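Reviewing the structure listed below.
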Amino acid sequence: MDKAVIRPQTMGSKAAKKNWFAREWKHFKKNSELFLLALPGVLHKLIFLYLPMFGLVLAFKRFRFDKGIWGSDWIGFKNFEFFLTSDNAFRVTRNTILYNCGFILITTVSALTLAVLLNEVGKRWVKVYQTALFLPYFLSWVVVSYITLGFLDHSNGYLNHILALFGTEPVKWYEAAKAWPTIIVVVNLWKGIGFATLVYYAGIIGIDQEYYEAAKMDGASRIRMVTGITIPLLMPLIIILLIISIGGIFRADFGLFYFIPNDSSFLYPVTDVIDTYVYRSLKVVGDIGMSTAVGLYQSVVGFIFVLTANVIVKKFNSENSLW
Amino acid sequence: MVIPFLLVVSISLTAESSIVNGGYRLIPQVFSLEAYRYILEAPLILLRAYGVTIFVTVVGTVLGLLFVSMTAYSISRRDYRYNRITTFYIFFTMLFSGGLVPGYILITQYLHMKDTIWVLIIPGLLSPFYVMVMRGFLMKTPVEIYESAKIDGANEYRIFFTMVIPLAKPALATLGLMISFGYWNEWFGGLLYIDNEKLVPLQLLLVRMMSTIDYLTTNPYFASQVDIPMDLFPKLSARMAMAVLVAGPMTIVFPFFQRYFVKGLTVGSLKG
Numbered sequence: 001m002d003k004a005v006i007r008p009q010t011m012g013s014k015a016a017k018k019n020w021f022a023r024e025w026k027h028f029k030k031n032s033e034l035f036l037l038a039l040p041g042v043l044h045k046l047i048f049l050y051l052p053m054f055g056l057v058l059a060f061k062r063f064r065f066d067k068g069i070w071g072s073d074w075i076g077f078k079n080f081e082f083f084l085t086s087d088n089a090f091r092v093t094r095n096t097i098l099y100n101c102g103f104i105l106i107t108t109v110s111a112l113t114l115a116v117l118l119n120e121v122g123k124r125w126v127k128v129y130q131t132a133l134f135l136p137y138f139l140s141w142v143v144v145s146y147i148t149l150g151f152l153d154h155s156n157g158y159l160n161h162i163l164a165l166f167g168t169e170p171v172k173w174y175e176a177a178k179a180w181p182t183i184i185v186v187v188n189l190w191k192g193i194g195f196a197t198l199v200y201y202a203g204i205i206g207i208d209q210e211y212y213e214a215a216k217m218d219g220a221s222r223i224r225m226v227t228g229i230t231i232p233l234l235m236p237l238i239i240i241l242l243i244i245s246i247g248g249i250f251r252a253d254f255g256l257f258y259f260i261p262n263d264s265s266f267l268y269p270v271t272d273v274i275d276t277y278v279y280r281s282l283k284v285v286g287d288i289g290m291s292t293a294v295g296l297y298q299s300v301v302g303f304i305f306v307l308t309a310n311v312i313v314k315k316f317n318s319e320n321s322l323w
Numbered sequence: 001m002v003i004p005f006l007l008v009v010s011i012s013l014t015a016e017s018s019i020v021n022g023g024y025r026l027i028p029q030v031f032s033l034e035a036y037r038y039i040l041e042a043p044l045i046l047l048r049a050y051g052v053t054i055f056v057t058v059v060g061t062v063l064g065l066l067f068v069s070m071t072a073y074s075i076s077r078r079d080y081r082y083n084r085i086t087t088f089y090i091f092f093t094m095l096f097s098g099g100l101v102p103g104y105i106l107i108t109q110y111l112h113m114k115d116t117i118w119v120l121i122i123p124g125l126l127s128p129f130y131v132m133v134m135r136g137f138l139m140k141t142p143v144e145i146y147e148s149a150k151i152d153g154a155n156e157y158r159i160f161f162t163m164v165i166p167l168a169k170p171a172l173a174t175l176g177l178m179i180s181f182g183y184w185n186e187w188f189g190g191l192l193y194i195d196n197e198k199l200v201p202l203q204l205l206l207v208r209m210m211s212t213i214d215y216l217t218t219n220p221y222f223a224s225q226v227d228i229p230m231d232l233f234p235k236l237s238a239r240m241a242m243a244v245l246v247a248g249p250m251t252i253v254f255p256f257f258q259r260y261f262v263k264g265l266t267v268g269s270l271k272g
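Heads up: the protein sequence lines correspond to chains A and B, in order. Counting along the first sequence from 1, when you hit position 300 you're at 300 in the UniProt record's numbering, and nothing is skipped either side. Counting along the second sequence from 1, when you hit position 98 you're at 98 in the UniProt record's numbering, and nothing is skipped either side.
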């Protein structure tokens, strides 16, 4: 390919162009079968992900159904202004970022610990632990919200039941904003830990056993093997997962923040995140321009986060970066 | 880890009066199947929801696996001319998207998919993450196999269907399980796009049960002004029984498929 550039341009540009087309066409024909295999996927993404990107112009418009996307009037940055000058912007952004940071830290640390422990227990028990850890991951947020309700229900819930044993007054959990950061983190950990652990566990299994045998010969302790072999060798995996989750730091798990607090308005100050906010402004308020604007804000900032995370990782160790 | 789930099962098996008097307990004080009888007496809504969910899960999983593996196979081929650009094209959608609203408008205004069963299946057919996992798996297969098949006169489709798919069984099993759980647990599409009673999937049914009951029980104005005894409300245990009926089938199925998981993930997730 590079050689083509060096070649002096003796031919007329038209002829060169035709030549280029002919060459590309030949290449294309050679690859056409693989191209057709990828085509359904490519078209799917085109329709459901790339096409909606054009819809982002709505962020700069006052949308009216009768005028359609292109016919609606331009209003510049009004939608953004409206969102950013309200208290909501700060609140939902703070909640989204803080929760996600918490999740990333807590999940990574506990999943790594569990994965290492899982590797230590005997083969027969691994299956049992795995199944137990993994089960919550396969429940939907709706079902999990029913489970949470079993705990937090005001008059019947386990938690108030236990509190009553200690003589404490029952608490209306769905109105007690202060407790919710903890509740959300616990529920998220309970549901997600199995998957995260398994990914790391799979990584550990993939490590060449010879390293451990060599270390054993040198008389290394189990802890020494974990810090000296397991963790360093898992680093690429840890970092890739970290970059991905940092990229998602502006995206909250809608199910978690919508169903678990039961959409209780008492809890909005501590549980409202960008995603629930967008959903409500679309479905409840019906403000299409603004909810698009908030969505765009979310996408752009999230994108910047991934790029930044990747650049930082590249600086330290180019092997581990995403691209 | 499993205890919270068992608690729900236990509530569903507790007699209503016992709940009202003593709250939820880990072991039912008064055992009763009343809640299940209550639900199964009028099974039409539930059966319909099962029908919708089963259809969506089966069709979605089959089509999803096909889409994912076809895409992943072509970009896993290093000799495929457009592999880098296609990979980026698919991967980019994980990083940047139009967000909820443009997608919503596209589906409701332009594709007219609102209140069709396909809206629950098609938009989620191809997850870029699964494509990456599958591609990671397929890249481990030596290219020589494909080359020798080609020399024997097989075209790419034949190679894909008769060689790649059988070879990728562990990965397909893993992804198939993930995809089917995804479809089984899907509620967001329903919440956004389904108003038609006949197309309500299981999870959405559960959402609706939760919100209608809770509106009454947690609304402070309502609770303070209207003094209705708790046992006149739709049954507490019935609600949990519903949750068990929704989650149950998958929790029974999943341990059997679990052995594929570690295998599939080991090969797939590392350095994708």
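Even glycine gets a Cβ: it sits at the ideal position worked out from N, Cα and C. Note that the structure is predicted; figures quoted are calculated from it, not measured.
Residues near residue i in its chain [Cβ-Cβ closer than 8 Å; skip 5 each side]
i                  : result
Tyr-212 of chain A : Met-225, Ile-229
Ser-281 of chain A : Asp-287, Met-290, Ser-291, Val-294
Pro-170 of chain A : His-154, Ser-155, Asn-160, Leu-163, Ala-164
Met-94 of chain B  : Pro-128, Phe-129
Exposure of residue i, with buried meaning 16 or more beta-carbon neighbours within 10 Å
i                      : result
Leu-149 of chain A     : buried
Phe-160 of chain B     : buried
His-27 of chain A      : exposed
Tyr-157 of chain B     : exposed
Asp-272 of chain A     : buried
Gly-190 of chain B     : buried
Arg-239 of chain B     : buried
Phe-256 of chain B     : exposed
residue 292 of chain B : A query on residue 292 of chain B cannot be resolved here, the shown segment of chain B reaching from 1 to 272 and no further.
Arg-251 of chain A     : buried
Gly-302 of chain A     : buried
Thr-71 of chain B      : buried
Leu-46 of chain A      : exposed
Asn-262 of chain A     : buried
Lys-315 of chain A     : exposed
Lys-123 of chain A     : exposed
Val-101 of chain B     : buried
Leu-7 of chain B       : buried
Glu-186 of chain B     : buried
Length of the line joining the Cα atoms of residue i and residue j
i                      : j                  : result
Thr-53 of chain B      : Trp-184 of chain B : 6 Å
Pro-232 of chain A     : Val-185 of chain A : 28 Å
Ser-32 of chain B      : Leu-152 of chain A : 23 Å
Phe-305 of chain A     : Gly-247 of chain A : 5 Å
Leu-204 of chain B     : Ala-247 of chain B : 13 Å
Gly-98 of chain B      : Val-311 of chain A : 24 Å
Pro-136 of chain A     : Arg-81 of chain B  : 42 Å
residue 412 of chain A : Phe-80 of chain A  : Because chain A spans 1 through 323 in this model, residue 412 of chain A falls outside it and cannot be assessed.
Pro-4 of chain B       : Met-134 of chain B : 33 Å
Pro-117 of chain B     : Leu-125 of chain B : Sequence check: residue 117 of chain B is Ile here, not Pro. Cα to Cα, Ile-117 of chain B sits roughly 13 Å from Leu-125 of chain B.
Thr-96 of chain A      : Val-285 of chain A : 21 Å
Pro-203 of chain A     : Lys-114 of chain B : Here the sequence assigns Gly to residue 203 of chain A, which means Pro is not the residue at that position. Taking the straight line joining both Cα atoms gives about 42 Å.
Phe-254 of chain B     : Ser-69 of chain B  : 22 Å
Val-300 of chain A     : Met-235 of chain A : 28 Å
Leu-84 of chain A      : Phe-77 of chain A  : 10 Å
Leu-34 of chain A      : Gly-153 of chain B : 16 Å
Met-230 of chain B     : Ala-35 of chain B  : In this prediction, Met-230 of chain B has a pLDDT of 43, which is less than 50 and means its spatial position is unreliable; what the coordinates show is noted afterwards. Roughly 16 Å separates the two Cα atoms.
Neighbourhood of residue i by C-beta, 6 Å cutoff - its chain only, sequence neighbours within 5 removed
i                  : result
Tyr-200 of chain A : Ala-111, Leu-112, Ala-115
Phe-254 of chain A : Asp-275
Ile-179 of chain B : Thr-61, Gly-64
Lys-18 of chain A  : none
Phe-257 of chain A : Thr-271, Val-273, Thr-276
Ser-145 of chain A : Phe-259, Ile-260
Contacting residues, own chain, Cβ-Cβ under 7 Å from residue i (five flanking each side not counted)
i                  : result
Thr-107 of chain A : Leu-189, Gly-192, Ile-193, Ala-196
Tyr-73 of chain B  : Leu-138, Phe-160, Val-164
Ala-177 of chain A : Phe-266, Leu-267, Pro-269, Val-270
Arg-62 of chain A  : Ser-72, Asp-73, Ile-75, Gly-289
Leu-206 of chain B : Met-242, Ala-243, Val-246
Leu-167 of chain B : Thr-141
Whole-number beta carbon distance between residue j and residue i, since they are thought to touch under 8 Å
i                  : j                  : result
Val-142 of chain A : Phe-259 of chain A : 6 Å
Tyr-158 of chain A : Ser-264 of chain A : About 19 Å; that fails the 8 Å criterion.
Ile-121 of chain B : Val-56 of chain B  : 6 Å
His-161 of chain A : Lys-172 of chain A : Rounded, the Cβ-Cβ distance is 14 Å, inconsistent with contact.
Gln-109 of chain B : Thr-131 of chain A : Between Thr-131 of chain A and Gln-109 of chain B the Cβ distance is about 45 Å, and since that is not below 8 Å, they are no contact.
Phe-48 of chain A  : Pro-123 of chain B : 5 Å
Report task. Could you pull out every unbroken alpha helix (DSSP H) segment of at least 4 residues lying fully inside the region 104-165 of chain A, listed in chain order? Result -> 123-134, 141-152, 158-165
Report task. Output the residue ranges of the alpha helix (DSSP H) runs that lie fully inside the region 195-238 of chain A and measure 4 residues or longer, sorted by chain position. Result -> 209-217, 222-225
Requested in this report: Entirely within the region 114-166 of chain B and at least 4 residues each: give me those alpha helix (DSSP H) ranges in chain order.
Outcome: 128-138, 143-151, 156-159
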